[in-house]
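Protein chains in written order, with the numbering used here: chain Y, 32 to 543; chain E, 32 to 543. Idealized CB from N, CA, C, for every residue including glycine.
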C-alpha cells in the first residue's frame, strides 16, 4: 500500500478498432481524452489485456481526436495478430509504470555488474515492450562501453534462450554451425548435407539478408520452402539429419532479434552480446556441439588474428558454461567465399559443388568446418574430420542427402541446371592484361544489390576470377545478372565507376 | 561517383492520404510494395519533399497492404502540419541512407572527443529525424558514461541554440533564471515581477509539468495566457520588463526537447548536457546574465554540496565561453519550496506573497535569487541585491508589475481571492501531538497527482505546517483539493497510507 502506482493507475474497457497498418512494433491509439484519463502521454506505454484469450501485450500509445472514439482503442495489425482479437471486442487498457528492469539498465550505465536475475528481467521486460527501444539502446551502449563479465555473458545467453520457445530433438548428437558476419557463398548449405550424410543432426535456422546480396534463408528458398514450424524442424531433422529453415518466423530467442535491430544501425556488437546471441540461438534448438567460423580480414567484424583468438577463447568458455562443446575456427575473410552473389546464383553454385562440377575455396572451407564437427562429437580423430567430409562430398552422399532434405522441405529445385537465370546479363571484361590483385567484396555486394538483390532472387553477380590469377585484355572478370533492365544498367554504371576487381600488371610486363 | 548510395536511391511521387493521428513523432505509411520499390524496410526512414511549399521532412516508415494504395503515402497529423500539405497533393518520397553524424555518435561511443562541427551535425541530424531515437539514446548514454569536455559542452550549447529560432531584444540588460529540478512553489512567478520592477528585462520561458504537480507554465496559465509567439515574448518583455510564457510551442532549441525526451525515462542527465541544455535556452532569448538555482537535498538531482559546487563552477565557465555572466546558487532543497502543490493553488500562493499576505521560505528564496541578478548586472553592490528585491516586493511594486504582465499576456485572474478553489476538499489532521520532523515532498506531489494534478488545474495539496513546528492532536496538517470526488477519495486513502508528514514526539514528552 506504500506505492503511489496502485492509486494512480486506472484501467478502462475499450472497444477494439483495427487499423490495418504493420508498424514493425506494437502501437495502439487512444482518443486524447481517454489517454488523459488513463494518465498516458503520447509515446507512453499501455498494457492491453484480452481476457477471453488470456493474452496481454504492452504497446506504445499514440493519440488522436478524430478517428478513434472515447470508448475505443485503435490497434495496429501487429497488435491484433498478437492478441488474437477482432474488431468490436473489448480490451482492458491501463498505463504502464516504470518497469523494474530500468534500475538494472541504470546500474549497467553506472558501470555495475548485473546478476543473472537482473539480466533475465531486462530481457523479459524488453521482450514485453516494457523497456522501450530508447532504454534498450542505452543498455546496449552501456554494454558496448563497459563490457560484460563472463558470468553476465552466460546469463544473457540463458535469458535469451529461456525467453523463447525451444526445440528438443529425440536424437543425438545435435550439432550446429555459425559464421560471424559471413557475407556470401553459403557454406551452411554445404555443411548441413555433409554432416547429415555423416550421421549427425543439424537443425539449422538461418536469416534473410539485411545488408548482403543474399542470406542463407534467401538462397535456400530458391530450392525449397524455408518457412517451417518448430514441429517441422524437429521432425525433418530427426528423420533426415538436417534442415535449413528461416529463423525469423519462429520464436527462438525472439528478444535477440529485437536487440540486433537496436545494434544494427550503430554497428555496435559488444563481444559479449555477440557470443550470447549466437549461443542462445544454438541452445534454443538443443545443439550440444557447435563450430563457430570467424572470418578475419579488413573491413570485417574481426580485423586481426589476435582479436579473433580472444573471441574464439571466449566462445569456448561461455559454451562450456552453457553445457556445449564449442570450437571456433579462424578463416581467411579477405577474399570472397565462393564466386556467387545473389540468392539464385548462390543456390546454383552450392548445387554445382555438391554435383561435383566445381571445387573451390568455399567447398574447401565447408569441408573443414564440417570436419571440425565430426571431430568435436568424437566420430573422427583430430585432423581426420575434413578428409571424411570430403569423402562424403566426393561420393555424392552429401548431394543425395541434400536432395532428401530439399524434398522434405517442399522441393522447388534440386539440380543446378534447373536454377533459373536472370533474363538480363552484362559481362564485365578486363581492359588490359595483368594479374588480379584485389577483389572488393563490399563493392561486389553493392553491384548485386543495385542489380536488384536480395529482393529480386535472380539478380546478382558471378565472379569469374580469383586473386592472383593472370588475365588477358578481353577476359571475362564477372557477369552481372538482373531481373530488371534499368537496374542492370545502373549496376553496370556503378561497377565501371568503382574498382571492384583490381588489376596490377604482372612484373614481366613492367618494362613498358 | 564512388558511392553506391547514388545508385540505390530511387524516389517516387506519391499522393497524400492524411491519417488523423498524432503520433508524437513523424511517421508515414507506405504500401508494402512501394516501400520495397524504394528499398525501405519498416522502421527505416524516408524523406518527404513538398516542392510547392519548399518543405521537406524525414519520417519513420510503417507499411501496410490495405489502407494505403501503391501510389499513395499515408501521413500522420504531425507530418501534415509540418509539411503544410493537404490530402491528394503529391510528395516526392525517397529512402534515407545512413546520416553522416552516425560516425560521430560511434566516435563518442568509443570514447573520442568531438569537434564543434561534429556536435553541430549530430544536433542537426537528430533535429531532422535523420538520427533515430535509438541512435540518439546511444549518443546520450555514451555522453553519460564518457562525459563531455568543456569545449564539447560549449559546442553542444551553441548547436542547440543555432538549431532553433532566437529572440533578439532591443533592450538591456536581459537576465534569466533557471532552477535545476525545481519541484513546487513557483519562485519564477515571483522573480520575474521583482526583477522587472527593478528595471531588468526577463523573457522567461517555462515548461509544463511532466512529473510534478504543476509546472510554471501550468500555474501561470491559471492567471493568463502562456501560449505566446516569439513576437509577443519580445514585445511584452520590451514594454513591461518581463513575461512568463510556455516554451513548448516555440521553436527555441527544439532539439533540446527531443534530447530531454530521450533522457527522461532513464533519468540520465549527464552534467555537461544539463548545462548545455539550460544555457542554450537562455542564449535563445538573448540572456546575458543568468542566475542558476541548484537545490541540494536527498532524492534531488544534486545530492550534496560538493557536487553542487562543481556543477556551479562548470556553469560559470561554460557561461563565460558563451558570452554570459552566470552565477549559480546552492539552495536547500530538502524542504518543500512553498506550501502549495497544484496549478491553481500555487498561482494563488504566489499572488498572496505579492499581495503582502504571506512571506515564507519561497518568498525569501525568490528575493535572494532576484538579488543575485541585480548584483550580476551591477545595479546593486555585492550583498545588497536581496534587500532591494525585498523592497520591491514589500512596496507593492512587484505586484503592480505582475498585474501589468498578466494584463499584457491576456489577463484571466490577478487577485489571490479570485483564484477558484476546487469543489471537493478533505482536511488531514494530526492524530496526536508532537513536532513535525519531516515532510516528504515526493509523496506530497503523489497526493496532488492522485487528486488530479496537473491536468486538473484546481486539484492539489495545501500544506499547513513546516518542519520543526509543534502540533497538537487535531491540528490541520494539510488539505487535499480535487475537481473529482472519486479522485479525492483515492488521494486521501493514499495520503493516510504513507507518511507524507512525519511527527516525532518532542523531547519534553518522552517520559512515557
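CA-CA distance, residue 129 (chain E) to residue 531 (chain Y), rounds to 22 Å.
The beta carbon of residue 107 (chain Y) sits closer than 6 Å to the beta carbons of 50, 52, 54, 58 from its chain, once the five residues preceding and following it are set aside; these are given in chain order. Setting aside the 5 residues that flank it on each side, residue 94 (chain E) is surrounded in the same chain by 61, 63, 66, 73, each with a C-beta closer than 6 Å to its C-beta; the list follows chain order. Beyond the five residues adjoining it in sequence on each side, residue 100 (chain E) comes within less than 7 Å, by CB distance, of 62 in the same chain, given in chain order.
Taking C-beta atoms under 8 Å as the contact rule, residue 367 (chain Y) and residue 472 (chain Y) qualify, at a distance of about 5 Å. Spanning the alpha carbons of residue 243 (chain E) and residue 290 (chain E) requires a straight line of approximately 19 Å. Within chain Y, the residues whose beta carbon sits less than 7 Å from that of residue 93 (chain E) are 52, 53, 54, 55, listed in sequence order. Among the residues of the stretch 132-156 of chain Y, those with a Cβ less than 9 Å away from any Cβ of chain E are 133, 136, 137, 140, 141, 142, in the order of the chain.
Per the Cβ contact rule, the stretch 336-356 of chain Y is not in contact with the stretch 374-385 of chain Y (fewer than 3 Cβ pairs under 8 Å). In this structure, residue 127 (chain E) sits away from residue 174 (chain E), with a CB-CB distance that is not shorter than 9 Å. With a cut-off of 8 Å on Cβ pairs, the stretch 441-457 of chain E is not in contact with the stretch 330-346 of chain E, counting fewer than three such pairs.
Residue environment analysis places residue 435 (chain Y) among the buried positions, since at least 16 neighbouring C-beta atoms fall within 10 angstroms of its C-beta. At least 9 Å separates the beta-carbon of residue 362 (chain E) from that of residue 386 (chain E). Counting only residues of its own chain and dropping the five nearest sequence neighbours on each side, residue 210 (chain E) has a CB closer than 6 Å to the CB of 324.
Here DSSP, grouped into helix, strand and coil, assigns residue 126 (chain E) to strand. Proximity of chain Y to residue 169 (chain E) at the Cβ level (cut-off 9 Å) is accounted for by 168, 169, 171, 172, 175, 293, 296, 297, 299, in chain order.
Rounded to whole angstroms, the separation of the alpha carbons of residue 85 (chain E) and residue 492 (chain Y) is 40 Å. Nothing from the stretch 318-347 of chain E brings a Cβ to less than 9 Å from some Cβ of chain Y. According to the DSSP assignment, residue 460 (chain E) belongs to the beta strand (DSSP E) that extends over 455-460. Across the structure, residue 517 (chain Y) and residue 489 (chain Y) are spaced so that their CA atoms are roughly 15 Å apart.
Of all alpha-carbon atoms in Y:383, Y:311, Y:118, the one lying nearest the alpha-carbon of residue 285 (chain Y) is that of Y:311. Assigned with DSSP and collapsed to three states, residue 292 (chain Y) falls in helix. Along the stretch 421-450 of chain Y, there is no position whose C-beta sits under 9 Å from a C-beta of chain E. Residue 236 (chain Y) is outside the set of residues whose beta carbon lies under 9 Å from a beta carbon in chain E.
Within the same chain, Cβ atoms closer than 7 Å to the Cβ of residue 464 (chain E) are found at 502, 503, 504, the five residues on either side in sequence being excluded.
Straight through space, the alpha carbons of residue 303 (chain E) and residue 184 (chain E) are spaced by roughly 5 Å. Between residue 306 (chain E) and residue 440 (chain E), the beta carbon gap of about 30 Å keeps them out of contact (Cβ cut-off 8 Å). Contact between residue 271 (chain Y) and residue 228 (chain Y) does not hold, since the beta-carbon distance rounds to 10 Å and is not under 8 Å.
For the stretch 64-98 of chain Y, the set of residues with a beta-carbon nearer than 7 Å to any beta-carbon of chain E comprises 67, 73, 74, 93, 94, 95, 97, 98, in chain order. Remark: three or more beta-carbon pairs, one from each stretch, lie closer than 8 Å, so the stretch 143-155 of chain E and the stretch 180-196 of chain E are flagged as touching.
Taking CB atoms only, residue 107 (chain Y) has a neighbour in chain E less than 9 Å away. Residue 184 (chain Y) has a beta carbon lying at 9 Å or more from every beta carbon in chain E. Under the DSSP assignment, residue 515 (chain E) falls outside any alpha helix (DSSP H); it carries neither an H nor an E label. For residue 467 (chain Y), the enclosing beta strand (DSSP E) covers residues 465-470. Separation of the CB atoms of residue 231 (chain Y) and residue 69 (chain Y) is rounded to 55 Å, and the pair is thereby denied contact status at 8 Å. Within chain E, no C-beta atom comes less than 7 Å from the C-beta of residue 392 (chain Y); the nearest is roughly 25 Å away.
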